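Asks: Taken in order, these protein sequences are the chains called A and B. My numbering applies: residue 1 is where the first sequence begins, and numbers increase by one. My numbering applies: residue 1 is where the second sequence begins, and numbers increase by one.
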Amino acid sequence: MSNVTTLQIYRGDNESGEMVEYQVPRNPGMVVLDAVHKVQSIHSPDLAVRWNCKAGKCGSCSAEVNGKPKLMCMDRLNKYPDDATISIRPMKTFPIVKDLVCDVSWNYEVNKKIPAFKIRKGERKYYQYEADRVQEFRKCIECFLCQNVCHVLREHQLKDEFCGPRFLVRVAGLEMHPLDTEDRSELLKNELGVGLCNITKCCTEVCPESIAITDNAIIPLKERVVDRFFDPLGWIARKLFKKT
Amino acid sequence: MMTKVAAPRTATRLGETDRLDLWWIGPLSVFLGLSLFIVYATFRVFYNAHYVIDTASSAYLLSPFYSPLILWDGMPPWLSPGILILWAPGGFRLTCYYYRKAYYRAFFLDPPACGVSESPKKNYTGETRLLLFQNIHRYFLYLALLFLIILSIDVGYSCIWPDGFGMSIGSLVLLTNVVLLGLYTFSCHSLRHLIGGKIDCYSCVAFGHTRHKMWKGVSILNQKHMYWAWASLFMVAFADFYIWMVSTGTFTDIRIF
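Structural data, given as structure tokens:
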């Protein structure tokens with residue numbers, strides 16, 4: 001095993017930048033984030049990188065390692081061949097503040113569009129088996145890797161029209177809650193742009209919490225939008241049985 | 001050591017990526033697999049022959065590409081019975097959530113793979129506007145359920161021999177086809193929604209507990225929807241091929257009992 005790892009790290013800001021090569025000592029058990037910290041301590045103290053827990057739970061150290069969106073703290077160096085050069089870039093979808101740090105504030109603006117939980121009146125009892133489904137969505141750590149890899153945001157830059165997978169997961173967590181009474185289907189169709197998702201499942205592939213984003217959140221939400229706007233038989237049934 | 005290398009930040013050309021793995025194998029395999037099926041199915045439907053085994057000494061075997069067999073007196077010879085029915089299972093697969101992913105990636109390269117650049121497009125509209133028709137999937141599901149019943153009846157006919165009940169390799173092929181089509185159909189995302197996924201509070205509605213159990217069952221199957229999609233696609237083509245070969249005398253349909 002070689003005791004040196006070669007990294008190429010993006011250095012620059014949103015206007016211009018370049019890939020800079022560094023070599024750092026490799027120790028057993030290291031993850032990519034450790035190697036980046038070595039670069040900071042040995043070569044370049046001004047290298048900007050956002051991190052916090054180093055346990056895959058804070059969602060801060062999202063980046064693209066060899067082109068794949070990942071949490072750097074969960075990506076072990078021994079997965080890569082000893083003589084390989086590992087490239088590390090910031091997330092492509094968001095503006096770069098400096099080096100590996102992106103400005104993800106757009107996400108927090110999108111979040112404000114989603115109506116909060118609206119609890120039903122009367123009895124508020126429900127069972128664990130009913131809560132299981134929405135608990136999956138609560139695992140989200142907001143690393144925004146799904147937002148980064150989603151081609152609607154990444155390639156087409158439709159940030160004004162599409163909220164991205166993370167917020168479809170949030171809406172699913174609210175919509176499917178047994179006690180919630182808010183109807184967000186019109187918001188989903190219009191402002192959040194669920195129809196722009198063409199379900200290519202990249203968000204699911206990169207999710208570090210293994211949330212089945214497409215199958216369990218996005219497709220069920222798409223089906224709810226179909227129920228409401230694109231199913232003539234459903235519309236007739238609602239009229240006949242006077243359901244809203 | 002520090003070496004500077006020039007690197008533009010954003011990739012803009014089709015296929016540009018920093019990924020070092022063989023990302024193109026997935027979309028290429030899907031492209032080849034689906035293209036092969038489309039070419040074979042189109043050929044067989046227009047071939048309009050050797051789709052049924054209907055002799056006095058054997059059981060009745062009908063190709064799934066031609067079932068239910070629609071024939072009438074004065075039917076134009078150029079009109080294949082396959083054309084009359086294949087739009088329904090074809091539509092079910094075309095609008096299926098798995099196949100949508102598969103062909104958006106493999107045929108439209110939108111995107112070709114995760115983190116891989118697409119060809120620049122000005123007006124991406126996703127599944128709005130022109131592709132709104134994908135929302136018809138649940139109606140094709142209703143037809144697919146009907147086809148499952150019809151194909152199950154075909155399996156029944158394939159077990160009726162002149163001297164009574166029996167099974168051949170052909171009836172096993174048709175049975176496997178129905179089982180795989182059943183797994184594919186019952187793992188459908190739309191079915192999962194309609195059967196119980198649309199309910200938020202199961203304890204608040206009639207038959208909520210039963211519907212939750214059904215939803216859980218479909219959800220288990222749904223996790224392997226892609227596998228059922230491919231397995232059933234292969235099997236339906238193989239079942240047709242088997243009957244074609246038996247019909248031409250190339251294969252002999254061996255009776256098991």
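We put the CB at the ideal spot given by N, CA and C, even for glycine. Quick caveat, the model's predicted, so the values are computed rather than measured.
1) Tell me the DSSP bridge mates of isoleucine 86/A?
2) According to the neighbour-count rule (16 or more other Cβ atoms, all chains shown, within 10 Å of its Cβ), is leucine 233/A buried or exposed?
3) I'd like to know if the stretch 12-27 of chain B and the stretch 197-213 of chain B are in contact, where contact means that at least 3 CB-CB pairs between them fall below 8 Å.
4) Just to confirm my understanding: we take threonine 95/B, look at its own chain, exclude 5 residues before and 5 after, and list those with CB closer than 7 Å. What are they?
5) Quick test of the definition: if touching needs 3 or more C-beta pairs under 8 Å, does the stretch 149-161 of chain A touch the stretch 113-127 of chain B?
6) What are the residues in the stretch 191-208 of chain A lying within 7 Å of chain B by C-beta distance?
7) Whole angstroms is fine: what's the gap from phenylalanine 257/B's alpha carbon to tyrosine 66/B's?
8) Name the two residues that bound the continuous beta strand (DSSP E) containing lysine 70/A.
9) Any beta carbon from chain B within less than 7 Å of tyrosine 80/A's own beta carbon?
10) According to the neighbour-count rule (16 or more other Cβ atoms, all chains shown, within 10 Å of its Cβ), is tryptophan 78/B buried or exposed?
11) Please list the terminal residues of the continuous beta strand (DSSP E) segment that includes isoleucine 96/A.
12) Can you confirm whether the stretch 61-72 of chain A touches the stretch 110-121 of chain A when touching is taken to mean that 3 or more C-beta pairs between the two stretches lie within less than 8 Å?
13) Is arginine 19/B helix, strand or coil by DSSP?
14) In three-state terms, what does DSSP make of arginine 76/A?
15) Assuming the contact rule is C-beta atoms closer than 8 Å, cysteine 140/A and arginine 124/A should be a hit. Round their C-beta distance to whole Å, please.
16) What in chain B is Cβ-close to valine 152/A, meaning under 9 Å?
17) Quick check on the DSSP output: the beta strand (DSSP E) that includes glutamine 147/A runs from which residue to which?
18) Where does the unbroken alpha helix (DSSP H) through glycine 17/A begin, and where does it stop?
19) How big is the Cα-Cα spacing for alanine 172/A and alanine 217/A?
20) Could you please give me the residues that DSSP links to glycine 164/B through a beta bridge?
21) State the CB to CB distance for the pair cysteine 203/A and valine 152/A, rounded to an integer number of angstroms; the pair is presumed to be in contact (CB under 8 Å).
22) Output the distance between the C-alpha atoms of lysine 79/A and asparagine 66/A, rounded to the nearest integer angstrom.
23) So which of Ile254/B, His189/B, Val178/B and Thr210/B has the shortest CA-CA distance to phenylalanine 234/B?
Replies: On the basis of the supplied data:
1) By 1-based counting over the first sequence, the position of residue 86/A is 86. Answer is Leu7/A.
2) As a working note, residue 233/A is residue 233 in the first sequence. With fewer than 16 other Cβ atoms within 10 Å, it is exposed.
3) Contact check between the stretch 12-27 of chain B and the stretch 197-213 of chain B: fewer than three CB pairs, one atom from each, fall below 8 Å, which does not count as touching.
4) The residue you call residue 95/B lines up with position 95 of the second sequence. Excluding positions up to five away in sequence, the list reads Gln134, Ile136, His137 and Phe140.
5) Yes, the stretch 149-161 of chain A is in contact with the stretch 113-127 of chain B.
6) Against chain B - using a Cβ distance shorter than 7 Å - the residues of the stretch 191-208 of chain A are Gly195, Leu196, Cys197, Asn198, Ile199, Thr200, Lys201, Cys202, Glu205 and Val206.
7) Mapped onto the second sequence, residue 257/B falls at position 257. Mapped onto the second sequence, residue 66/B falls at position 66. Rounded to the nearest angstrom, the two C-alpha atoms are 26 Å apart.
8) Numbered from its first residue, the first sequence carries residue 70/A at position 70. From DSSP, the beta strand (DSSP E) with lysine 70/A extends over 68-71.
9) Here the question's residue 80/A lines up with position 80 in the first sequence. No - not a single Cβ of chain B is within 7 Å of the one on tyrosine 80/A.
10) Counting from one through the second sequence, the residue named residue 78/B turns up at place 78. Note on tryptophan 78/B: under 16 other CB atoms within 10 angstroms of its CB, so exposed under the neighbour-count rule.
11) As a working mapping, residue 96/A is identified with position 96 in the first sequence. Residues 96-98.
12) The stretch 110-121 of chain A is not in contact with the stretch 61-72 of chain A.
13) As a first step, residue 19/B is located in the second sequence; it is residue number 19 there, counting from the start. Three-state result, arginine 19/B: coil.
14) Residue numbering aside, residue 76/A sits at position 76 when the first sequence is read from its first letter. Of the three classes helix, strand and coil, the one that applies to arginine 76/A here is strand, per DSSP.
15) Taking the first sequence and counting its residues from 1, the one referred to as residue 140/A is at position 140. Taking the first sequence and counting its residues from 1, the one referred to as residue 124/A is at position 124. The C-beta distance from cysteine 140/A to arginine 124/A rounds to 24 Å, too long to fall under 8 Å, and the pair is not in contact.
16) Mapped onto the first sequence, residue 152/A falls at position 152. Neighbours of valine 152/A in chain B, taken as residues at a C-beta separation under 9 Å, are given in chain order as Tyr124 and Gly126.
17) Position 147 of the first sequence, counted from the start, is the residue given in the question as residue 147/A. Careful: glutamine 147/A lies outside any beta strand (DSSP E), inside the alpha helix (DSSP H) at 145-149.
18) Taking the first sequence and counting its residues from 1, the one referred to as residue 17/A is at position 17. Under the DSSP assignment, glycine 17/A falls outside any alpha helix (DSSP H), being part of the beta strand (DSSP E) whose first and last residues are 17-25.
19) Taking the first residue of the first sequence as position 1, residue 172/A is located at position 172. Taking the first residue of the first sequence as position 1, residue 217/A is located at position 217. For alanine 172/A and alanine 217/A, the distance between alpha carbons rounds to 5 Å.
20) In the second sequence, residue 164/B corresponds to position 164, counting from 1. According to DSSP, glycine 164/B bridges with Trp161/B.
21) Against the first sequence, residue 203/A aligns to sequence position 203. Against the first sequence, residue 152/A aligns to sequence position 152. Rounded to whole angstroms, the Cβ separation of cysteine 203/A and valine 152/A is 10 Å, and the two are not in contact under 8 Å.
22) As a first step, residue 79/A is located in the first sequence; it is residue number 79 there, counting from the start. As a first step, residue 66/A is located in the first sequence; it is residue number 66 there, counting from the start. If you take the alpha carbons of lysine 79/A and asparagine 66/A, they lie about 12 Å apart.
23) Counting from 1 along the second sequence, the entry for residue 234/B is found at position 234. The shortest C-alpha separation from phenylalanine 234/B is found at Val178/B.
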